[in-house]
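J.: Structure provided below as structure tokens; questions to follow.
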Amino acid sequence: MNTNNECSQQDGLTAHTAQTSAYCKDRLPSSQLPTSVVTQYFSSHPPVYEKDTKIFVWNCALHSDNDSDVVFDFCAHAHIGGCGEEGGTARRWKLHKKMTPLPPEAPYPGVSILKPLMGVDPNLFTNLESFFTMNYPLFELLLCVEDESDPAIMLARSLMKKYPNVDSRLFTGGASVGVNPKINNMYPAYMAAKYDMLLISDSGIRMKEDTLLDMVLHMTEFIGLVHQMPFTCDRKGFAATLEKIYFGTAQARIYLSADFLGIICHTGMSTLMRKSLIDDVGGLAKFGCYLAEDFFFAKSLTNRGWKMRISSQPAWQNSGLCEISSFQARLTRWAKLRVAMVPFTIILEPLSECMVLGAFASWAVSFLFNWDPLSFYLVHILLWFLCDWILISIVQNGSLPFNKFDFVVGWLFRECSSLYLFLVALWNPSIRWRARTYKLRWGGVAEEMKPKSEKVRAEFRTIYFTLLIALETPRYLTVHAI
-1 MNTNNECSQQ DGLTAHTAQT SAYCKDRLPS SQLPTSVVTQ YFSSHPPVYE
49 KDTKIFVWNC ALHSDNDSDV VFDFCAHAHI GGCGEEGGTA RRWKLHKKMT
99 PLPPEAPYPG VSILKPLMGV DPNLFTNLES FFTMNYPLFE LLLCVEDESD
149 PAIMLARSLM KKYPNVDSRL FTGGASVGVN PKINNMYPAY MAAKYDMLLI
199 SDSGIRMKED TLLDMVLHMT EFIGLVHQMP FTCDRKGFAA TLEKIYFGTA
249 QARIYLSADF LGIICHTGMS TLMRKSLIDD VGGLAKFGCY LAEDFFFAKS
299 LTNRGWKMRI SSQPAWQNSG LCEISSFQAR LTRWAKLRVA MVPFTIILEP
349 LSECMVLGAF ASWAVSFLFN WDPLSFYLVH ILLWFLCDWI LISIVQNGSL
399 PFNKFDFVVG WLFRECSSLY LFLVALWNPS IRWRARTYKL RWGGVAEEMK
449 PKSEKVRAEF RTIYFTLLIA LETPRYLTVH AI
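Numbering (our numbering), first residue to last: -1 to 480.
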């Protein structure tokens, strides 16, 4: 049996080698595609479909210096016939695409990495270490901790000692330049940054060796900001599954669609931008009055004619603490920010959800065409579900860490709870972030709210001094009159 299978695989390999050579005859110079390369590729990537030949050809074209028509030829074939069961067209066209490196004589720009830290979790050491081990020739790592008693300081120092060859510095204490605690924490490091390329990366982000290189290669002449689409690392538990489903379906759909339409969709989890462009409008302190500083970074750049671009690799969130309640609180906080910054979100955002949109569509077809609304609603949910499964498979770029049943349960839970979380955000617009509470004004400007105990004491002091002045003023006037 094994011998027969090996023979069948060898026959398939020979056939695909011939197909590839024939397909490439008029598309790539023969010197670029020797038979040995084809054989080696299909030996390590066993072909399943005939279109795998075209995938290979397109990969060759990506790494060649000529004949861009091959890329478009592949795209045409892929959009018609698909690219494997994981929808590789979009994956290879936009996400997870390997960028062509700069020529050897072109120096890579230096990058200053701002890493704000607060507290520790089980994955913080691994996440932070991934920045020390990146494969990039010139960068500095600026670690920011606001509280000098924060245990993250000890962890940061241990990594700095472990990797003495990495240009890294630790900044503690922060600076008070606004209400945004993240900007206050990063401000001293921002002022000390020595490179124009500035990467701001949250503490829960884990980097691959080539992630920074990929982001820098996307920073071309007219690009002012390169950002990563949020996604999550593979972790265990239903809460982790729920997070991956959200970021791989609803968030990915909105993020990629907004980027395609030229709408600001940038999140500040992992952002590479030009420091000089931020300095031109007043520096980091200029954005200290906003909680959603990432949105206003992007808005400031696009208003001046600069463009944004999504990196090929997603931002790999790898928080060690994963709970449903904290995740839902995070979604609610984001909804409050969106409503304050873009008020028409109140109407449009619920209509982007599967259940709400399906209900309105079912009513419409029932009224207009006298169709059965329940049947239409169920078909709508099924098609939406299948599209989300395809999308998350593309974003994952590999096997998912959960089975289809887990996906069904997590997907239904997320879709059914989305409207509730949005209504909660509208009901209570104040934002609780870390140990602070903020009140948002229209336009996104925030002000910190004092705790209730301090507020009561302040009101009591005001009343006390008002009464004191009211009682003492007549006596004071009487004495001076005499």
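Ideal Cβ placement from N, Cα and C applies to all residues, glycine included.
Do S110 and M195 have their C-beta atoms within less than 8 Å of each other?
T.: Translated into the one-based positions of the sequence shown, residue 110 becomes position 112. Translated into the one-based positions of the sequence shown, residue 195 becomes position 197. A contact, by the Cβ cut-off of 8 Å.
J.: Could you please give me the residues that DSSP links to R434 through a beta bridge?
T.: Numbered from 1 along the sequence shown, position 436 holds the residue referred to as residue 434. DSSP lists W431 as partners of R434.
J.: CB S199 to CB K113, shorter than 8 Å?
T.: Here residue 199 corresponds to residue number 201 of the sequence shown, with the count starting at 1. Here residue 113 corresponds to residue number 115 of the sequence shown, with the count starting at 1. Yes, the Cβ-Cβ distance between S199 and K113 is below 8 Å.
J.: What do you reckon, are the CB atoms on D212 and S309 nearer than 8 Å?
T.: Position 214 of the sequence shown, counting from 1, holds the residue named residue 212. Position 311 of the sequence shown, counting from 1, holds the residue named residue 309. Yes; because the gap between Cβ atoms is below 8 Å, this pair is in contact.
J.: Name the two residues that bound the continuous beta strand (DSSP E) containing H225.
T.: As a working note, residue 225 is residue 227 in the sequence shown. First-last of the beta strand (DSSP E) with H225: I221 to H225.
J.: Could you give the first and the last residue of the continuous alpha helix (DSSP H) run that contains V422?
T.: In the sequence shown, residue 422 corresponds to position 424, counting from 1. Looking at the DSSP string, the run of the alpha helix (DSSP H) that includes V422 is K402 to W425.
J.: Cα-Cα, which of K242, E241 and D292 is closest to C263?
T.: Walking along the sequence shown from the start, residue 263 turns up at place 265. For C263, the nearest C-alpha among the options comes from D292.
J.: Determine which residues share a DSSP beta bridge with I503 and list them.
T.: As shown, the chain starts at -1 and ends at 480. That puts residue 503 outside it, with no answer to give.
J.: Terminal residues of the continuous beta strand (DSSP E) containing S268?
T.: On the sequence shown, position 270 is the one that residue 268 refers to. Looking at the DSSP string, the run of the beta strand (DSSP E) that includes S268 is S268 to R272.
J.: Which of the three DSSP states is assigned to S29 in this structure?
T.: Taking the first residue of the sequence shown as 1, we reach residue 29 at position 31. Because the pLDDT of S29 is 36, which lies under 50, any placement of that residue in the model is unreliable, and the number read from its coordinates should be weighed accordingly. The answer is helix: DSSP assigns S29 an H, G or I state.
J.: Given a cut-off of 8 Å on the beta-carbon distance, is the pair M339 and A290 in contact?
T.: The sequence position of residue 339 within the sequence shown is 341, counting from 1. The sequence position of residue 290 within the sequence shown is 292, counting from 1. Against a cut-off of 8 Å, the Cβ pair of A290 and M339 comes out as a contact.
J.: So what's V393 in DSSP terms, helix, strand or just coil?
T.: The residue you call residue 393 lines up with position 395 of the sequence shown. If DSSP states are grouped into helix, strand and coil, V393 belongs with the helices.
J.: Considering L168, what are the terminal residues of the beta strand (DSSP E) in which it resides?
T.: Counting from one through the sequence shown, the residue named residue 168 turns up at place 170. Residues S166 to T170.
J.: Evaluate contact between the stretch 298 to 305 and the stretch 405 to 425, counting only Cβ atoms and requiring at least three cross-stretch pairs below 8 Å.
T.: The stretch 298 to 305 is not in contact with the stretch 405 to 425.
J.: Terminal residues of the continuous alpha helix (DSSP H) containing R331?
T.: Reading the sequence shown from its first residue, position 333 is the one you call residue 331. Residues I322 to M339.
J.: Are Y418 and S428 closer than 8 Å when you measure CB to CB?
T.: The residue labelled residue 418 in the question sits at position 420 within the sequence shown. The residue labelled residue 428 in the question sits at position 430 within the sequence shown. Result no, Cβ atoms of Y418 and S428 do not sit closer than 8 Å.
J.: In whole angstroms, what is the alpha-carbon distance linking A248 and D386?
T.: Against the sequence shown, residue 248 aligns to sequence position 250. Against the sequence shown, residue 386 aligns to sequence position 388. Their Cα atoms are separated by approximately 8 Å.
J.: From which residue to which residue does the beta strand (DSSP E) around F481 run?
T.: The chain is shown only over -1 to 480; residue 481 falls outside these bounds and no answer can be derived.
J.: Taking C-beta to C-beta, are A362 and Y375 nearer than 8 Å?
T.: Counting from 1 along the sequence shown, the entry for residue 362 is found at position 364. Counting from 1 along the sequence shown, the entry for residue 375 is found at position 377. Not a contact, by the Cβ cut-off of 8 Å.
J.: Whole-angstrom Cβ separation of L140 and A191, contact assumed at under 8 Å?
T.: Taking the sequence shown and counting its residues from 1, one reaches residue 140 at position 142. Taking the sequence shown and counting its residues from 1, one reaches residue 191 at position 193. Right, the Cβ-Cβ distance comes to about 6 Å (below 8 Å), so this counts as a contact.
J.: Where M152 and V443 are concerned, what is the direct C-alpha to C-alpha distance, given to the nearest angstrom?
T.: Taking the first residue of the sequence shown as position 1, residue 152 is located at position 154. Taking the first residue of the sequence shown as position 1, residue 443 is located at position 445. Approximately 34 Å, taken between the alpha carbons.
J.: As a quick exercise: from F325, Q326, A238 and K206, pick the residue whose alpha carbon is nearest that of N125.
T.: Stepping through the sequence shown from its first residue, residue 125 is reached at position 127. Measuring from the Cα of N125, the nearest candidate turns out to be K206.
J.: Are the CB atoms of F295 and T269 within a distance shorter than 8 Å?
T.: Mapped onto the sequence shown, residue 269 falls at position 271. Mapped onto the sequence shown, residue 295 falls at position 297. Against a cut-off of 8 Å, the Cβ pair of F295 and T269 comes out as a contact.
J.: Leaving out five residues on either side along the sequence, give the residues of the same chain with a beta carbon under 8 Å from the beta carbon of G235.
T.: By 1-based counting over the sequence shown, the position of residue 235 is 237. Only C320 meet the Cβ criterion.
J.: Is it buried or exposed for I345, if we count other Cβ within 10 angstroms and need 16 for buried?
T.: As a working mapping, residue 345 is identified with position 347 in the sequence shown. It is exposed - the Cβ of I345 has fewer than 16 other Cβ atoms within 10 Å.
J.: Just how far apart, CA to CA, sit V224 and R233?
T.: Start at 1 with the first residue of the sequence shown, and residue 224 comes out as number 226. Start at 1 with the first residue of the sequence shown, and residue 233 comes out as number 235. Each residue's alpha carbon lies about 27 Å from the other.
J.: Rounded to the nearest angstrom, what separates H75 and F383 at their Cα positions?
T.: The residue given as residue 75 occupies position 77 in the sequence shown. The residue given as residue 383 occupies position 385 in the sequence shown. Low local confidence applies: a pLDDT of 31 at H75 is under 50, so the model's placement there is unreliable, with the coordinate-based value given in what follows. Rounded to the nearest angstrom, the two C-alpha atoms are 26 Å apart.
J.: Going by beta-carbon coordinates alone, are I203 and W369 separated by less than 8 Å?
T.: Against the sequence shown, residue 203 aligns to sequence position 205. Against the sequence shown, residue 369 aligns to sequence position 371. Cβ atoms of I203 and W369: not closer than 8 Å.
J.: Does Y375 come out as helix, strand or coil in the three-state DSSP assignment?
T.: The sequence position of residue 375 within the sequence shown is 377, counting from 1. Of the three classes helix, strand and coil, the one that applies to Y375 here is helix, per DSSP.
J.: Which residues mark the beginning and the end of the alpha helix (DSSP H) in which L353 is found?
T.: Indexing the sequence shown from 1 puts residue 353 at position 355. The displayed chain sequence assigns Met, not Leu, to residue 353. Note, M353: alpha helix (DSSP H), C352 to F367.
J.: CB S415 to CB E351, shorter than 8 Å?
T.: Position 417 of the sequence shown, counted from the start, is the residue given in the question as residue 415. Position 353 of the sequence shown, counted from the start, is the residue given in the question as residue 351. No, the Cβ-Cβ distance between S415 and E351 is not below 8 Å.
J.: Find the nearest neighbour of K159 within the set E127, N183 and G172, judged by alpha-carbon distance.
T.: Along the sequence shown, one-based indexing puts residue 159 at 161. Out of E127, N183 and G172, E127 has the C-alpha closest to the C-alpha of K159.
J.: Should P149 go down as buried or exposed, given a rule of 16 or more other Cβ atoms within 10 Å for buried?
T.: If you number the sequence shown from 1, residue 149 lands on position 151. Exposed, by the Cβ-count rule.
J.: What's the gap between the Cα of C142 and the Cα of N183?
T.: One-based indexing of the sequence shown puts residue 142 at position 144. One-based indexing of the sequence shown puts residue 183 at position 185. Near 6 Å, if we compare the C-alpha coordinates of N183 and C142.
J.: For F365, count neighbouring Cβ atoms within 10 angstroms of its own Cβ and tell me buried if that reaches 16, exposed if not.
T.: Taking the first residue of the sequence shown as position 1, residue 365 is located at position 367. Exposed is the call here.
J.: Is the separation between the beta-carbon of E138 and that of D119 shorter than 8 Å?
T.: Against the sequence shown, residue 138 aligns to sequence position 140. Against the sequence shown, residue 119 aligns to sequence position 121. Contact flag unset, no.
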